[in-house]
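*Asks:* Numbered by the working numbering, the letters in the sequence shown go through residues 91 to 813 in order.
Where a beta carbon is used, it is the ideal one built from N, C-alpha and C, also for glycine.
Everything numeric in this text was worked out from a predicted model, so none of it was measured.
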Amino acid sequence: MCSCFLYHRTCCRVSSIMQAKNKILTLLEKDGLAFTGLGNLFSFISNTYSISVEEVKKDFDKLLKEGLIFEISKGKFIAIPSRGYVKATFIGNAKGFGFCEVAGEEDNDIFIPANMCGGAIDGDKVIVKLMSKSDEGRDGQVVKVFKPVEYVTGVVEKIGKNYFIDPDNTRIPFKIKLAKSGMTFAENDKVVVKTQRNENIVSGVVVEVLGKCDDVLACELAIIRDHGLFEVFPEDVQSQVKKIPQKVLASQKQGRRDLTKTVLFTIDGLDAKDLDDAISIERTADGYKLGVHIADVGEYVKYETPLDEEAYARGTSVYFPTNVLPMLPKELSNGICSLNEGVERLALSCEMILDEEGNVRSHEIFESVIKSKARLNYTDVQKCLDGEECDEKTAGVKEELFVMLELSQKLQAKNKANGSLDFEIPEVQFIFDEEGKAVDFAKRERKASHRIIEDFMVLANRTVAKEFCDKDIPFVYRVHESPRKEKVLSVMEYLKGLGVATPRIPEQITPKFYQEVLALTNDQPFTETVNKVILRSMQKAKYMNECRGHFGLALEYYCHFTSPIRRYPDLAIHRIIKECIKKKDKLGGQRIDELVQFTCEAGEQSSLTEKNADKTEREVDDLWKAYLMKDRVGESFEAVISSVTNFGVFVELENTVEGLIRIEDLPDEGFLLLERQLKLKGQKMAFSVGDKVKVKLISSNIYTRKIDFFFEGFIEKRKLRNG
91 MCSCFLYHRT
101 CCRVSSIMQA
111 KNKILTLLEK
121 DGLAFTGLGN
131 LFSFISNTYS
141 ISVEEVKKDF
151 DKLLKEGLIF
161 EISKGKFIAI
171 PSRGYVKATF
181 IGNAKGFGFC
191 EVAGEEDNDI
201 FIPANMCGGA
211 IDGDKVIVKL
221 MSKSDEGRDG
231 QVVKVFKPVE
241 YVTGVVEKIG
251 KNYFIDPDNT
261 RIPFKIKLAK
271 SGMTFAENDK
281 VVVKTQRNEN
291 IVSGVVVEVL
301 GKCDDVLACE
311 LAIIRDHGLF
321 EVFPEDVQSQ
331 VKKIPQKVLA
341 SQKQGRRDLT
351 KTVLFTIDGL
361 DAKDLDDAIS
371 IERTADGYKL
381 GVHIADVGEY
391 VKYETPLDEE
401 AYARGTSVYF
411 PTNVLPMLPK
421 ELSNGICSLN
431 EGVERLALSC
441 EMILDEEGNV
451 RSHEIFESVI
461 KSKARLNYTD
471 VQKCLDGEEC
481 DEKTAGVKEE
491 LFVMLELSQK
501 LQAKNKANGS
511 LDFEIPEVQF
521 IFDEEGKAVD
531 FAKRERKASH
541 RIIEDFMVLA
551 NRTVAKEFCD
561 KDIPFVYRVH
571 ESPRKEKVLS
581 VMEYLKGLGV
591 ATPRIPEQIT
601 PKFYQEVLAL
611 TNDQPFTETV
621 NKVILRSMQK
631 AKYMNECRGH
641 FGLALEYYCH
651 FTSPIRRYPD
661 LAIHRIIKEC
671 IKKKDKLGGQ
681 RIDELVQFTC
691 EAGEQSSLTE
701 KNADKTEREV
711 DDLWKAYLMK
721 DRVGESFEAV
731 ISSVTNFGVF
741 VELENTVEGL
751 IRIEDLPDEG
761 FLLLERQLKL
771 KGQKMAFSVG
781 DKVKVKLISS
791 NIYTRKIDFF
801 FEGFIEKRKL
811 RNG
């Protein structure tokens with residue numbers, strides 16, 4: 091993997107903008123202000139609020155860069171959103187038109203005709219003027235690109251005497267001309283291009299050569315760069331990390347509870363190096379004492395330092411089959427912040443007292459010093475729980491493991507009774523040889539050892555969220571709202587197409603209702619397909635500073651507390667918790683206002699970075715699937731039809747690969763798509779969602795990440811409604 095170029099952070103939190111920001115916005119929100127020059131505007135704001143002109147100018151520039159104010163005509167500025175102008179993300183289309191997505195209005199995109207895109211390309215942050223609104227949706231015009239996509243990846247082509255790149259992102263509907271640079275590149279190279287904008291013209295300069303376009307590692311890097319992700323941390327971050335001690339200092343232990351003699355341990359994947367959480371447990375006379383001990387990252391990553399700004403910009407660690415892009419430098423994530431075996435570490439502990447049924451009767455959150463007794467892994471723990479011979483480390487905590495299993499099973503029963511949803515959607519697990527090379531992949535098994543940790547983390551997250559919601563202290567919550575009615579109706583229609591008798595939709599959609607819907611197709615060949623459809627009908631979970639509950643978990647209170655090494659919202663609330671511990675919850679009014687602002691911004695930013703990371707991980711997984719399937723072209727597989735379209739049918743293999751049988755490769759003609767029945771009907775045969783079929787792999791393309799199959803025959807037809 092090639093080394094990447096250094097870059098500068100382009101994400102800055104709005105909370106770092108000084109006091110003048112709110113004054114400027116307040117003025118502009120009233121009615122807009124018109125001035126013959128910016129100097130007059132700055133003087134007016136300066137005189138009105140007794141703020142220096144320099145401070146006003148600095149904050150005004152930041153507001154312009156963030157798309158929070160806009161010059162609608164010469165010298166006249168307005169706050170955004172107002173007067174039919176909104177801030178949005180441009181979503182391109184290969185046909186030239188586009189859509190704009192406004193934060194918080196994901197199901198109400200704005201259509202942008204091809205001649206009104208204003209030079210925007212996919213991913214640009216733009217200001218849109220709303221042009222019209224109808225039952226079919228909203229139309230608009232891009233009037234400003236205030237934060238252009240900085241980097242684009244693609245394959246070099248030579249046309250005449252000029253070089254271009256054909257962008258990997260198919261939502262960019264044109265080739266980008268390359269300007270001369272100091273980089274040496276050739277045709278068919280996979281490259282990173284820094285975009286340049288001149289009016290509505292997009293050009294670029296090559297800043298990194300990743301490799302040849304048919305090299306899987308070059309393709310992986312291209313996906314990573316396309317999503318604005320980088321391996322290297324900026325120099326100011328690296329300088330700060332070097333000053334952080336790699337062992338716990340005596341001064342840091344003051345005021346903390348000493349748990350170094352307590353039996354606690356970690357359970358993670360075999361290859362995990364960033365160990366966020368450790369568990370302690372004991373049986374009591376009337377229940378359990380459960381400790382969830384989380385790395386105290388906030389002790390090392392101080393607010394508004396370069397390290398914190400970088401963590402805020404990254405938002406989350408991103409995991410790939412062969413490597414990790416950490417939110418924090420590895421000196422922290424794998425070092426002093428990781429709860430490694432046998433060494434002292436600083437932690438934030440949540441100790442819970444539970445009764446026999448698994449109800450939390452009391453709890454305490456406190457700063458601690460811990461020392462993990464053992465670094466266990468899911469595989470060895472599962473062997474022990476299954477009654478097989480335990481290795482020495484696992485045997486040392488065998489008694490605790492079975493108490494954990496007992497409590498976990500009680501928590502699962504409680505959660506299910508409350509309506510918690512458990513989707514049967516397997517994740518992919520890549521298999522490596524002794525040299526660390528990916529050689530195969532399969533469904534990841536989810537066993538009791540995984541469920542134990544999941545259950546305890548959910549319990550700690552819920553306990554922490556409830557405490558701070560009850561205290562009414564600004565916080566970052568994990569919010570999953572109930573599905574919209576129209577989405578539920580679509581699911582019911584889908585199930586009817588499968589021949590499933592559906593229940594009446596209640597006035598209020600509850601987790602219990604969705605639990606019943608999930609159970610309708612249990613143990614069917616197409617169960618996973620249905621689960622995916624139901625999952626897509628639900629709203630996307632997000633981070634907010636309002637406690638609105640978690641629909642999927644059927645919980646009234648929920649946050650993410652347990653992974654501050656790899657998630658910024660967890661780190662954000664750790665800081666708030668630590669401040670409340672030190673000040674005994676006595677926060678002044680001004681501090682409360684600051685935290686309201688911070689938690690709002692941290693929630694929005696974390697939701698965006700999570701969405702980007704999820705998409706990047708999916709695309710890289712698909713790349714490696716396509717790469718590993720290349721050597722299996724010509725082989726036959728069993729598959730289940732997962733969807734039908736007017737251009738063919740999609741099938742899914744047991745190993746999670748999804749591919750297309752094109753309509754021209756089906757042994758029939760005169761096909762008609764029957765959408766309501768989830769069927770593609772020909773003159774002699776029909777292909778329905780849920781049919782088990784035999785297919786032959788005919789192509790696997792790592793560049794497009796698309797896999798094609800040929801239909802060989804039916805194995806088992808889905809039982810259709812009305813025969």
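Could you check the C-alpha separation between A703 and F565 for me, to the nearest Å?
*Replies:* Looking at the two C-alpha atoms, the distance is approximately 23 Å.
*Asks:* What residue ranges within the segment 171-237 form continuous beta strand (DSSP E) runs of no fewer than 3 residues, ordered along the chain?
*Replies:* With a minimum length of 3 residues, the continuous beta strand (DSSP E) runs that stay inside the segment 171-237 are 175-182, 188-191, 200-202, 215-224 and 227-237.
*Asks:* Can you tell me which of R766, T735 and E744 puts its alpha carbon nearest to the alpha carbon of L756?
*Replies:* Measuring from the Cα of L756, the nearest candidate turns out to be T735.
*Asks:* Report back the beta-carbon spacing between Q499 and E571 to the nearest angstrom; my notes put them in contact at under 8 Å.
*Replies:* The pair is not a contact, with the Cβ atoms about 29 Å apart (cut-off 8 Å).
*Asks:* Any idea if A210 is buried or exposed, counting beta-carbon neighbours within 10 angstroms, 16 or more meaning buried?
*Replies:* Buried, since its Cβ has 16 or more Cβ neighbours within 10 Å.
*Asks:* According to DSSP, simplified to helix, strand and coil, what is V296?
*Replies:* In the structure shown, V296 sits in a strand (DSSP, three-state: E or B).
*Asks:* Tell me the rounded alpha-carbon separation between F641 and P601.
*Replies:* If you take the alpha carbons of F641 and P601, they lie about 6 Å apart.
*Asks:* Hey, I805 and K774: beta-carbon distance below 8 Å or not?
*Replies:* No. Outside cutoff.
*Asks:* Extract the residue ranges of the alpha helix (DSSP H) inside the segment 288-355, only unbroken runs of 4 or more that lie entirely within it.
*Replies:* The segment 288-355 contains these whole alpha helix (DSSP H) runs: 306-316, 325-332 and 340-343.
*Asks:* Are the CB atoms of E457 and I671 nearer to each other than 8 Å?
*Replies:* Yes, the Cβ-Cβ distance between E457 and I671 is below 8 Å.
*Asks:* Would you mind reading off the limits of the alpha helix (DSSP H) that contains D470?
*Replies:* Segment Y468 to L475, the alpha helix (DSSP H) holding D470.
*Asks:* Three or more C-beta pairs closer than 8 Å, one from the segment 235-243 and one from the segment 293-313: is that the case here?
*Replies:* Counting Cβ pairs under 8 Å, three or more are found: they touch.
*Asks:* Between K284, F688 and T617, which lies nearest to M634 when the distance is taken from Cα to Cα?
*Replies:* Nearest C-alpha to M634: F688.
*Asks:* What would DSSP say about A538, mapped onto helix, strand or coil?
*Replies:* In the structure shown, A538 sits in a helix (DSSP, three-state: H, G or I).
*Asks:* Is it the case that the segment 338-357 contacts the segment 466-476, given that we only count it when at least three CB pairs across the two stretches are under 8 Å?
*Replies:* Contact holds: three or more Cβ-Cβ distances are below 8 Å.
*Asks:* Would you say the segment 477-496 touches the segment 415-424, given that touching needs at least three Cβ pairs under 8 Å?
*Replies:* No: fewer than three Cβ pairs fall under 8 Å.
*Asks:* Locate the alpha helix (DSSP H) running through R568, then write down its first and last residues.
*Replies:* R568 -> not in any alpha helix (DSSP H); beta strand (DSSP E) instead, spanning Y567 to V569.
*Asks:* Based on Cα-Cα distance, which residue from V216, N508 and M221 lies nearest to F603?
*Replies:* Measuring from the Cα of F603, the nearest candidate turns out to be N508.
*Asks:* So, is N621 buried or exposed, given that buried needs 16 or more other C-beta atoms within 10 angstroms?
*Replies:* N621 is buried by the Cβ-count criterion.
*Asks:* Using only the alpha-carbon positions, how far apart do N612 and E454 sit?
*Replies:* If I take the Cα positions, the gap works out to 40 Å.
*Asks:* Between L380 and F546, is the Cβ-Cβ spacing less than 8 Å?
*Replies:* Closer than 8 Å, so yes.
*Asks:* On the DSSP letters alone, give me the boundaries of the alpha helix (DSSP H) that E744 sits inside.
*Replies:* Premise fails: E744 is in no alpha helix (DSSP H) and is neither H nor E.
*Asks:* Using only CA atoms, which one of P335, E389 and K715 lies nearest to A528?
*Replies:* Of the candidates P335, E389 and K715, the one whose C-alpha sits nearest the C-alpha of A528 is K715.
*Asks:* Alpha carbon to alpha carbon, what distance is there between V408 and V414?
*Replies:* Each residue's Cα considered, the two are about 6 Å apart.
*Asks:* Could you give the first and the last residue of the continuous alpha helix (DSSP H) run that contains V239?
*Replies:* V239 -> no alpha helix (DSSP H), and no H or E assigned at all.
*Asks:* Run through DSSP, which three-state label would Y584 get?
*Replies:* In this structure, Y584 counts as helix in the three-state DSSP scheme.
*Asks:* Do you know how far the Cα of R795 is from the Cα of F727?
*Replies:* Each residue's Cα considered, the two are about 19 Å apart.
*Asks:* Which stretch, first to last residue, makes up the alpha helix (DSSP H) that contains R404?
*Replies:* Taken as a continuous stretch (DSSP letters only), the alpha helix (DSSP H) holding R404 covers P396 to R404.
*Asks:* Checking 8 Å against the spacing of the C-beta atoms, do S627 and V569 come in under that value?
*Replies:* Cβ distance not < 8 Å, so S627 and V569 don't count as in contact.
*Asks:* Restricting to Cα atoms, I'd like to know which of Q472, D530 and Q336 is closest to R435.
*Replies:* That would be Q336, whose Cα lies nearest to the Cα of R435.
*Asks:* Hey, out of T374, S790 and P411, whose CA is closest to V710's CA?
*Replies:* Nearest of T374, S790 and P411 to V710, Cα basis: P411.
*Asks:* Relative to the C-alpha of K351, which residue among S370, E490 and D364 is closest?
*Replies:* It is S370.
*Asks:* Which residues does DSSP list as the beta-bridge partners of C440?
*Replies:* Answer is V382 and I455.
*Asks:* Residues in the same chain with beta-carbon distance under 6 Å from V176, minus the five sequence neighbours each way, listed in chain order, please.
*Replies:* Excluding positions up to five away in sequence, the list reads V192 and V218.
*Asks:* For R315, count neighbouring C-beta atoms within 10 Å of its own C-beta (all shown protein chains included) and say buried if the count is 16 or more, exposed if not.
*Replies:* Buried: at least 16 other Cβ atoms inside 10 Å.
*Asks:* With DSSP as the reference, please indicate the residues paired to Y633 in a beta bridge.
*Replies:* R568, per the DSSP bridge assignment.
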